[in-house]
Amino acid sequence: MLYAGENPRFIFRRMLILAAEDVGLADPQGLVVVEAAASAFERVGLPEGRFFLSQAALYLATAAKSNSTLAFFDAIKTVESEQDSGVPGHLKDSSRDKEGFGHGEGYMYPHAYRDHWVAQQYLPSSLQGRLFYQPGNQGYEAHIKIDVERRREVQLAAMADTSRSAEVLTFSNSDRGRDLWLERLVGKTADHLASLREKVFAPLDLPRHGVVLDLRAGSGLLLWEALRRVPEGGVCGIVWKREQAAELKARAERLKEVERPVIVHRRGRQDLLDLAQVMGEESGADLRFESVVGRNALNSFSFEQRIEILAGVRKLLAPTGMVSLVEIIPSQSTRPSSFLDLSSLGGELGSRLQEREEFIYHNPDDSRVNWNRQELLDAFRQAGLEVKSDSLEKVEIKRLMSAADIEGWFAESETGRPPGYGSILAAEFRREELQLIKKLFEKQLGGRTVTWFRVNLYIAAEKIRKGRSSFKRQAL
1233 MLYAGENPRF IFRRMLILAA EDVGLADPQG LVVVEAAASA FERVGLPEGR
1283 FFLSQAALYL ATAAKSNSTL AFFDAIKTVE SEQDSGVPGH LKDSSRDKEG
1333 FGHGEGYMYP HAYRDHWVAQ QYLPSSLQGR LFYQPGNQGY EAHIKIDVER
1383 RREVQLAAMA DTSRSAEVLT FSNSDRGRDL WLERLVGKTA DHLASLREKV
1433 FAPLDLPRHG VVLDLRAGSG LLLWEALRRV PEGGVCGIVW KREQAAELKA
1483 RAERLKEVER PVIVHRRGRQ DLLDLAQVMG EESGADLRFE SVVGRNALNS
1533 FSFEQRIEIL AGVRKLLAPT GMVSLVEIIP SQSTRPSSFL DLSSLGGELG
1583 SRLQEREEFI YHNPDDSRVN WNRQELLDAF RQAGLEVKSD SLEKVEIKRL
1633 MSAADIEGWF AESETGRPPG YGSILAAEFR REELQLIKKL FEKQLGGRTV
1683 TWFRVNLYIA AEKIRKGRSS FKRQAL
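Using this note's numbering, you'd call the opening residue of the sequence shown number 1233 and step up by one each time.
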């Protein structure tokens, strides 16, 4: 270009663009080097200025390359095509309209959290879950890739568990509203998902060529971590919902074919009851796993069904394989009425409310909530699995309760689905009594930030071997 008479300033212009477009975050110093060379050229001029031109060109030629900055244009196009749902309320300026509109309520200050980062909603609701930036495998991006992916997985898992958007918080009869009252009670939240993920994998000694099964892949929180830990092996995830299976498969398409996890979309509960047969149908072989992981994969089943599922898991384990599961124990979670001053209801009505809430968690006909730690440990043993360790984790979570939360709790349950909080109360109280209780919730709880508690049960187990029966138990 110089020989042809091109102006060196134009060449520097093209190299500045190249440094951002084609080198990008694979080597962020590329832009710094070219800018410094261009500035030095302006100070020195020709003919010595050609040294700076040469240095910039050589640096870019030998730098790691990435075009991930093109994600900006995909994001702009998406924003233009989507209906703008506005900035999330907790990110708005609290100094102006906090009292009238709740701006800034529920905002989590990132610097107050570990690694100066916290999972919360940063995008408008219409853009939640969209992925634009994909770190490459070169240079600086290769260094940050795993951290970016892990944080993204936590955000997506939190959004799948209990979205904070107004639409989901109405707990409408459509979509997933029928179970969100229980999910809110047991306290699923983004704050602790990263820690949960690490604790599930902690007991596992996974070889690089290992094979891992995720019993309930869902949002992929455990699935993608398993994939990183067995780069030369394989990962299979069972997904109960069609839309979640589609999302996971779409993300897997970005990987090389040999690196992709196997996503199995099945009917869910019924298929888990015959797990060995299901996996045999999918693999066409006598498949054995070094590890089986899962998050809340068993808490919707009866005691007998859990034994049957775990027996299927045992059949799929390699001789030295291990199971590592985490289950929320709903019966040890916070009761909503514990935040209220029940004196205005009168002693008799307040006592009945508390009694009815306890019934929710000990209802013999509701297997979602009526189990405890010992029952699950017994299910493992009866399925032929030796519990090597079990531990309880009490988690404290701050929550901003909205009017939509409360309205959702008292909404009618969908026909054919397990009853929700309001429906269970309605079986005990007259209509006027239920309205009094609801109004008390709205008055005392709406708009408040409260502290919820949940208890996670972590269990690691292996096949029972003759002459071995001890296991390690850790208290809460």
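For each residue, glycine too, the CB sits at the ideal point set by N, CA and C.
- prompt: For Glu1625, which residues from the same chain have a beta carbon less than 6 angstroms from its beta carbon, with the 5 sequence-adjacent residues on both sides left out?
  reply: Result list for Glu1625: Asn1688, in chain order.
field: For Val1496 and Ala1469, believed in contact at Cβ under 8 angstroms, the rounded distance
entry: Checking the sequence shown, residue 1469 turns out to be Gly, not Ala. Val1496 and Gly1469 do touch by the CB rule: their CB atoms are close to 7 angstroms apart, below 8 angstroms.
task: Could you tell me the distance, in whole angstroms, from the CA atom of Gln1261 to the CA atom of Ser1451?
output: Whole-angstrom Cα-Cα distance: 35 angstroms.
query: From Phe1403 to Glu1674, what does the alpha carbon distance come to, in whole angstroms?
result: At Phe1403, the pLDDT of 34 sits below 50, so the modelled position is not reliable and the matter cannot be decided from this model.
task: Let me know if Tyr1235 comes out buried or exposed under the rule of 16 or more other beta-carbons within 10 Å of its beta-carbon.
output: Answer is exposed; the Cβ neighbour count stays below 16.
message: Distance check for Tyr1593 and Ser1565, CA to CA, integer angstroms please.
response: The straight-line gap from Cα to Cα measures roughly 9 angstroms.
Leu1729 versus Ala1251 - alpha carbon distance: Look at the range of the chain in this structure, 1233 to 1708, and you will see that residue 1729 is not part of it.
message: Here's a check: name, in chain order, each residue in its chain whose Cβ is nearer than 7 angstroms to the Cβ of Trp1684, leaving out the five neighbours to either side.
response: Gly1419, Thr1566, Ile1629, Arg1631, listed in sequence order.
query: When we look at the beta-carbon of Phe1273 and count the other beta-carbons within 10 Å, is it buried (16 or more) or exposed?
result: Buried, since its Cβ has 16 or more Cβ neighbours within 10 Å.
task: Could you check what DSSP says for Asp1622 in three-state terms: helix, strand or coil?
output: The three-state secondary structure of Asp1622, taken from DSSP, is strand.
query: What whole-angstrom Cβ distance do Gly1553 and Asp1446 have, given they're in contact under 8 angstroms?
result: Contact doesn't hold; Cβ gap of about 14 angstroms is too wide.
message: So, with DSSP's three-state summary, where would you put Ser1523?
response: Three-state DSSP puts Ser1523 in a strand.
- prompt: Mapping DSSP to helix, strand and coil, what is Trp1641?
  reply: Helix, per DSSP.
message: Helix, strand or coil for Thr1310? Go by DSSP, reduced to three states.
response: Helix at Thr1310.
field: Sequence-distant residues of its chain with Cβ nearer than 8 angstroms to Arg1680 (five each side left out)
entry: Closer than 8 angstroms at Cβ, skipping near neighbours: Phe1571, Leu1632, Met1633.
query: Whose C-alpha, out of Glu1644, Phe1533, Arg1245, Leu1454, is nearest the C-alpha of Pro1596?
result: It is Phe1533 whose Cα lies nearest to the Cα of Pro1596.
- request: Let me know the secondary structure DSSP gives Val1380 once reduced to three states.
  value: Here Val1380 carries a helix assignment [DSSP, helix/strand/coil].
Rounded Cβ spacing between Ile1638 and Gly1678 (contact assumed at less than 8 angstroms): Rounded to whole angstroms, the Cβ separation of Ile1638 and Gly1678 is 6 angstroms, and the two are in contact under 8 angstroms.
query: Secondary structure at Arg1567, three-state DSSP: helix, strand or coil?
result: Arg1567 falls in the coil class under three-state DSSP.
- prompt: Do you know offhand how far Ile1669's Cα is from Glu1587's?
  reply: Straight-line spacing of the CA atoms in Ile1669 and Glu1587 works out to 14 angstroms.
- prompt: Among Ala1268, Val1255, Glu1589, which one has its Cα closest to the Cα of Glu1373?
  reply: Of the candidates Ala1268, Val1255, Glu1589, the residue whose Cα lies closest to the Cα of Glu1373 is Val1255.
field: Range of the contiguous alpha helix (DSSP H) that encloses Arg1663
entry: Its alpha helix (DSSP H) spans residues 1663-1676.
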